[in-house]
Amino acid sequence: TTTCTASSKSTTIPSTPVAAAPVATIGSNTTTTVPITGIRKAMVKTMNAASAVPHFGFSEEYIMDKLTELRSQLKPIAESRGIKLSYMPFLIKACSLALSRYPVLNSSISQSQTEIIYKNYHNIGVAIDTPQGLLVPNIKNVESKSIFEIAQELNRLQKEGAKGTLTPADMSGGTFSLSNIGTIGGTYCSPVLLLPEVCIGAIGKIQKLPRFDKHGNVYPCSVMIISWSGDHRIIDGATIANFSNLLKSYIEQPNTMLLDTK
Ligand code: CAO
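When we follow my numbering, the leftmost residue of the sequence shown carries the number 645, and every step to the right adds one.
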């Protein structure tokens, strides 16, 4: 336990839980101070470091109608093999396919800031909301994994995250990240880079919204927005926009992923 100062009074509360702020004294005109420990402490360090990097923001909407249909066909099959199939494995694979064409988004910048280090593997990090706090384990070698294998690995990482048993190997070596904030709520976001990575995407919630079809008629459309942040020292807006266009083609015509998946 830790002694916490509450302006004139002091309260004793356990120091281990990072998330729960004590609320018992609400309305008492005092303050309560708790130590920043564990994952939150690590977050202070990584986010301070990231703030030194100029972030470039870019958002796009992706029409999810066809991917929603495809997932509903494949979900029961994956379930019969014991695996939960969300949208993430499709999005992770689509990102990897698009990264193959725009490898600078899967690179990092050298310490001296004089070289770009291209990584010939796609270790895609996924932000997971765990009882210990926000963690970003990564799925290794997405470039050579099937969508089912990505789902298997994501299921494993989610379970380990919930149990608090993610390993340093799960957490290290990421090259690009996605954060699905839409499972909780929200549309647009402004994600912060996970250094030394140079690109991160925040996925908003899929919403039914009115859009026009090719005949000019309004129809109910499934729309998802991804907000991208890139390291503007080595990535320009055109590169993210081109990457996003290719990603959009894979998401909106998911059968085209078959052509390029190894
Ligand atoms: N919009 C609408 N529905 C969504 C969605 C979205 N963006 N993302 C997922 N869903 C649906 C899933 O398809 C699933 O539906 P079904 O029950 O019909 O299959 C349901 O929501 C639950 O999904 P899930 O959370 O189990 O799985 P996931 O693979 O989509 O997401 C994970 C996994 C780990 C990303 C998520 O659980 C999580 O932790 N999200 C929070 C990340 C976070 O905190 N980011 C902020 C970081 S910055 O501080």
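Cβ atoms here follow ideal geometry from the backbone N, Cα and C, with glycine treated the same way.
- Counting other Cβ atoms within 10 Å of its Cβ, K858 stays below 16 and is therefore classed as exposed.
- In this structure, T827 has its beta carbon less than 8 Å from a heavy atom of ligand 1.
- Around the beta carbon of G881, fewer than 16 other beta carbons sit within 10 angstroms, so the residue counts as exposed.
- D773 sits close to T827, with the two beta carbons spaced by under 9 Å.
- The way I'd put it, the stretch 782-793 doesn't touch the stretch 830-842; fewer than three beta-carbon pairs between them come closer than 8 Å.
- For L853 and S888, the gap between their C-alpha atoms comes out near 21 Å.
- Going by DSSP, N824 is part of the beta strand (DSSP E) stretching over F820 to N824.
- Just measuring C-alpha positions, the residue of I753, G845 and S821 sitting nearest E704 is G845.
- Taking a contact as a CB-CB distance under 8 Å, the pair Q776 and G808 counts as one, their CB atoms being some 6 Å apart.
- The bridge partners DSSP lists for P864 are P854.
- By the CB criterion at 9 Å, V867 and I707 fall inside the cutoff.
- Ranking L749, L778, A771 and T758 by CA distance to the CA of N764 puts L749 first.
- Distance between P898 and I879, taken at the CA atoms: about 27 Å.
- For the pair R800 and G726, the Cα-to-Cα distance works out to about 12 Å.
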